[in-house]
Amino acid sequence: MLGFGKELTDYWQSFIRLIYPANCVLCRIPLRLEETYLCVTCTQKIEPLKAPTCVRCARPMAPFGRQRSTCNSCRSDRPYYDRGFALLSYQEPVSTLFHQIKFQNKVWLLRIFLDCIQRHPNSYEFKNYEMIIPVPLDSRRARERGFNQALIIAKMLKRTDKKNTPPIVPLLRKVKKTLPQSQLRREERLNNLAGAFTIRKQRGIRGKQILLVDDIFTTGSTINECTKVLKEAGADRVDFFTIARSHLS
Ligand SMILES: [Zn+2]
Ligand SMILES: [Zn+2]
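Whatever position you read off the sequence shown (first residue = 1), add 213 for the working numbering.
What follows is the structure in structure tokens.
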């Protein structure tokens with residue numbers, strides 16, 4: 214019976230593909246029946262972030278050996294967050310995919326990363342957290358884009374383990390429009406983000422263990438600023454999860 218059901222599904226899928234041929238969103242070659250959005254070749258170009266990584270900021274590092282497990286940058290200028298997890302390396306083709314998602318509003322492409330989350334399980338444990346907080350967009354950007362990719366990623370995490378994931382609580386609010394951090398110098402970055410985030414319900418944060426979720430870790434300053442605001446409101450621990458992490462910072 215099951216086999217029959219699968220054949221029927223395959224039949225319908227090939228029928229639909231015949232009427233609506235689909236192409237790889239990156240290289241444009243026609244997709245095979247079992248491929249969604251990306252062809253096998255482009256999928257293989259997606260690089261998981263290579264271990265070992267700095268336990269605090271998830272930066273890929275040389276094998277630890279006698280070294281410590283935090284990178285030089287975290288030791289000289291300790292960030293507010295306690296621990297970081299990232300799945301993929303922020304380089305081609307992941308950067309182009311995110312560009313299409315965010316600037317061409319192709320929200321459905323986030324689905325590609327759900328497959329990545331399922332294929333490359335991370336070492337965080339949901340039971341360590343009491344809530345997941347997505348990094349917010351300012352209201353104008355949220356209106357223009359129509360979705361917050363960080364919230365969708367938080368929901369994708371929840372789908373991987375419904376039983377153990379803590380609730381998604383959007384307690385952070387972005388009250389100031391900011392420039393992309395990667396285009397600014399260090400001092401400008403701090404000014405750019407100062408006062409950008411506030412908390413909806415201060416009482417909800419005190420003593421909590423929080424997993425902060427965003428799409429990409431580039432300079433890390435957005436995640437650090439969100440963590441600072443959460444810690445000032447009394448959060449006990451803030452770790453972060455991002456789909457991709459840049460090697461440059
Ligand atoms: Zn392709
Ligand atoms: Zn580090």
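The beta-carbon is built from N, C-alpha and C at its ideal position, and this holds for glycine as well. Here the structure is a predicted model, which means the values were calculated and not measured.
Q: Taking 8 Å as the threshold, find out whether the segment 283–303 comes into contact with the segment 237–247 through three or more Cβ pairs.
A: no
Q: Could you tell me the distance, in whole angstroms, from the CA atom of ALA457 to the CA atom of PHE326?
A: 10 Å
Q) For ASN335, which of helix, strand or coil comes out of DSSP? A) coil
**Q.** Cβ-based burial, GLU357 [other Cβ within 10 Å; buried from 16]
**A.** exposed
Q.
Going by DSSP in three states, MET214 sits in which element: helix, strand or coil?
A. Bear in mind that the predicted position of MET214 carries a pLDDT of just 43, short of 50, making it unreliable; the figure below should be weighed with that in mind. Three-state DSSP puts MET214 in coil, outside helix and strand.
Q: Check whether the Cβ of CYS287 lies closer than 7 Å to any heavy atom of ligand 2, and answer yes or no.
A: True, at least one ligand heavy atom lies under 7 Å from that Cβ.
Q) Comparing the C-beta of PRO380 with each C-beta of chain B, is any distance below 8 Å? A) Absent from the structure: chain B. Only one protein chain is present.
**Q.** Endpoints, the beta strand (DSSP E) within which GLN422 is located
**A.** 422–430
Q.
Would the segment 340–350 count as touching the segment 426–439 if we require 3 or more Cβ pairs under 8 Å?
A. yes
Q | Range covered by the beta strand (DSSP E) that runs through PHE360 | A | Where PHE360 is concerned, there is no enclosing beta strand (DSSP E), given that its DSSP letter is neither H nor E.
Q: Flag this pair as touching only if the segment 431–439 and the segment 401–417 have three or more C-beta atom pairs under 8 Å; answer yes or no.
A: Yes, they touch.
(Q) Threshold first: 4 residues or longer. Then list the alpha helix (DSSP H) segments lying entirely within the segment 283–338, N to C. (A) 285–289, 307–316, 324–332
Q. Per DSSP, what kind of secondary structure is LEU385 in: helix, strand or coil?
A. strand
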